Every structure is written in structure tokens, then in C-alpha cells.
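Mapping of the sequence shown onto mature numbering (1 follows the signal peptide of the UniProt record, and there is no 0): residues -23 to -1, 1 to 389, in sequence order.
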Amino acid sequence: MIERSIIAVLGLAALVWTGAAQAAVDRPRVEAGFRIWLETEVRPAARKAGVSAETFDGAMAGIELDWTLPDLAPPGAPPLEGPQRQAEFADPGRYVAEQNFAALTKEGQAELKAHARTLDAVERRFGVPREIVVAIWGRESRYGRAKIPHVAIRALATEAYIGARKERFFPELVAALRILEGDHVPLAEMKSSWAGAMGQPQFLPSKYLENAVDMDGDGKRDIWGSVPDVLGSIANYMRKHGWTPGRPWGVEIELPAEIACTIEGPDQQKPAADWSRQGVRRIGGDALPRLDAAMNLMAPAGRTGPTFLVTNNFYAIKEYNESDLYALFVGHLADRLKGGGPIQGKWTTPKGVARADIAAMQRRLEATGHDVGTADGLVGFRTRVAVGRWEAKQGRRPTCFPDPSDVKQIGR
């Protein structure tokens, strides 16, 4: 899923790109090539996927490239400086700041009451707690209030032809045409984000085909206008992607000083009872929940921020959006919808670390034998663990988070 909070920022970036690069781009020539590409590349792929000529012609009638979209790399344009950055990968403390939850909590609690009967049916059918379903709904589209501005076919066709990540968007364009063919969603109503994430759950077309359900029984899978279909589709996604009924996503903890932050990650799980025996407690001192499930440390800012123990249900949420911070936001919002309080741990996370510097640091760590996941400039748990192990080798108390003052030295 694509994060909606960056659309305005990326839209501004697109305007800047347009002003800087439009003189170098021969738009009429690109548009002409686009029409040829639709006929020679997209039509055969769509036909092979079962899309009729009538559906294809209706979808592509009069279509033009949308030059306002971000992340474009047409012929003649200067190269992009780097990948677009999602809000989930920004400063962790800012992403899950307390002010981000007030309105979503109040609105979400009202939605829980308004759709109680539907949510009863959703829980019975899929086994996913209503608070998790509603929290995802709130994070993705603010309970259907967020504007979804683009016609999906045009946005996907533009990104598949002149986007910087064409290979990602081409199959999604074909999937969107399959939706028009099989689900008979009106073209004008099939709205998406700039990157093709559709409707209130913000499903990419391929995810819609796999996970959307007709919860209200009207014969359509309407994730744009039917709240029951939206809630059922989110719950179906979570069930298919590993949600275990009766198990929490995680709890905020106090991490004893003697426990190293380098034991973070799902590959270092152990039973909840083992964490209790090591002196780990909920934040505030209460005992951990009694679970028969394994848990692992999740510290999105190492020791410079709050720490959590999470179950595999946390990673089921991550299947919806591949970000620790996204899963933390959803899990915490679900807790708030049940009456829980704020995250209590304090954020002292250093600011101002450039993504390019993080990527360079990751490559150095890889060269010295550390597993950082991917050298993409994002501080995921493997990078945090690698930083902590490097700090320990330097004789420091590990923080497991890069600091601007020494990020260019880490790994050397």
C-alpha cells in the first residue's frame, strides 16, 4: 500500500520537476509513443489476461499521460535524484507523535459504533479484531474521508510508461484492466492515489483481485463506496497474510539496561515467559501478557526511543505496508480505539541523518560482514542491529541507531 500523507509533497515535487524539465522533454513525441505502446505492449498483455477488446478500448479512449504525477522519468528529462520517500520511513518519533492520534481515535471510536453490526460479521468471518480493521481503515483513508484524486487507469498507464519504476506498474495496469472486465467497476469511479492504490483500503489492483470481498451481498466488491466491503476486504487481507486470532500485536515495554538492543528482530524471537524471566515488564511495571506465542524486540529508534515486544501479528500488519512504523501506528491506534493511553517512552532520536549517508553507511557495514537487509537508506531492524554491533566493537554502549555526528564513520 502507498502512503497517502506524501501525495501533497510529491505533487509539489512533480510541479518543480515540470518547471525544470519540461523544456527538455518533447511531450508530443512522448505522447505519440505512448499511444503506440498501448497498442503494441498493453493490449496484447491485457488480451492474454482475459480483458476484452471492448473493455480495453473503453478504458483507453482518449487517454493521455498525466504529467502532474511524481516519480516520472520520460525521455529527455534529467535523472531523478533518488527514490521518493514515504512518510513511514521518516523520523520515527514524528510519525507516531501523540498529536497524530487524537482525531483518528475520536473518529474511529464513532465508526466502531456506527458499523457495529457489520464489524460483528467481519470478526466472525475473518477472525480479525474490529479495532485492527478500523485502525487500518483510518490510517489508509481516514475512514473514507480522504480525497482519492486520480483515475486509476490513467495514473497506472502514466507510471508504467514514463515512471521511474515502470516494471512495477505495468502488471498493476493489466490487473486494473482485469477489474474493469470482471468486476464492472465504472472507469470514472475507479479512483486511486498517484501510484494506483485504490479506494478506501488503498489496495493496488493486484491486491484488490486477491483480497477484495463483497461483504454487503450486492454482487459487487466496492472498496470505494461500500463500508461493509471496505471493512471485509481489509479483514480478508489480514487473515490471508497471517493474522492469528486471539493474539495481540504487541506491548510497549521497559527494556532493562543489561539487555542489548542488538537482539531486535523476528529472527530473535523467544517465548514471552523467557522475556519475563529476564526482567522485561510492560511500560509502567506491569507483567507481560501470558501468551503461548513467541515475541521479539521491536525498537524503531533503538535505545533512543520507546521499545516494544511484538508477536507475529505485528508482521501481519507489516504485510499491509512494509514498515515497522506503519505497523506500530496501526497497532497503537487499535489500542487507542479500545481506550488505551499514549505511547509512554520518550523519543530522543537524533535528527538530520540524510538518506544518502545512511545508504553509504549500510554499504560499508555490508563490506565488513554485517547484514543490513538492503542498502536503501532506510533504518530497518537489521540496520539497527548492525549499527549496535558496530558500536559495541568500538567499546560504546550500543544505541542501535545512527547519529549524525558519526554516521560517516560507522562501518569503517
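Just so it is clear, CB atoms sit at the ideal spot from N, CA and C, and this is done for glycine as well. Because the structure is a prediction, the values reported are computed rather than measured.
Determine the direct distance from the alpha carbon of R198 to that of A270, and round the result to whole angstroms. 35 Å
By a C-beta neighbour count over all protein chains shown, 10 Å radius and 16 as the cutoff for buried, is Q76 buried or exposed? exposed
Which class does K168 belong to by DSSP, given the choice of helix, strand or coil? strand
Counting Cβ pairs, one atom from each stretch, are 3 or more of them under 8 Å apart for the region 69 to 85 and the region 179 to 187? no
Just to confirm the assignment, what range does the beta strand (DSSP E) spanning M215 have? Note, M215: premise wrong, no beta strand (DSSP E); alpha helix (DSSP H) at V204 to K217.
Drop a sphere of 10 angstroms on the beta-carbon of I13, count the other beta-carbons inside from all chains shown, and report buried for 16 or more, exposed for fewer. exposed
Grab the span of the alpha helix (DSSP H) containing V151 for me, first residue to last. K143 to G159
Proximity of E229 and P266 at Cβ, strictly below 8 Å: no
Can you tell me the Cα-Cα spacing of R389 and T360, whole angstroms? 15 Å
Three-state secondary structure assigned by DSSP to S(-19): Residue placement at S(-19) cannot be trusted, given a pLDDT of 39 that sits under 50; the coordinates are not used to answer.
On the three-pair Cβ rule with 8 Å, is the region 218 to 233 touching the region 249 to 263? yes
One question on the structure: do T326 and G70 come within less than 8 Å of each other, judged by their Cβ atoms? yes
CB of T239 within 8 Å of CB of V349, strictly: no
So what does DSSP say about G227, is it helix, strand or coil? strand
Spell out a yes or no on whether the region 30 to 50 and the region 6 to 21 are touching, meaning 3 or more CB-CB pairs, one atom from each, closer than 8 Å. yes
How many angstroms separate the CA atom of P375 from the CA atom of E296? 29 Å
For F147, I'd like the list of residues in its chain whose CB is within less than 6 Å of its CB, leaving aside the five on either flank, ordered along the chain. A137
Cβ of V204 within 8 Å of Cβ of H92? yes
How would you write the range of the alpha helix (DSSP H) that T284 sits in, first residue to last? Where T284 is concerned, there is no enclosing alpha helix (DSSP H), although the beta strand (DSSP E) it sits in stretches over T284 to V287.
Taking the alpha carbon of M272 as the reference point, which residue from T345, W252, V364 and A134 has its own alpha carbon closest? W252
Shortest alpha-carbon distance to H218 belongs to which of M192, A152, Y303 and N298? N298
Measure the C-alpha to C-alpha separation of A152 and E16 and round it to an integer number of angstroms. 17 Å
Which residues in the same chain have their Cβ closer than 8 Å to the Cβ of I335, if we skip the five residues on either side of it in sequence? G354, L355, V356, T360, P379 and V384
Return the first residue and the last residue of the alpha helix (DSSP H) that A264 is part of. Segment: none, A264 is in no alpha helix (DSSP H) and carries neither H nor E.
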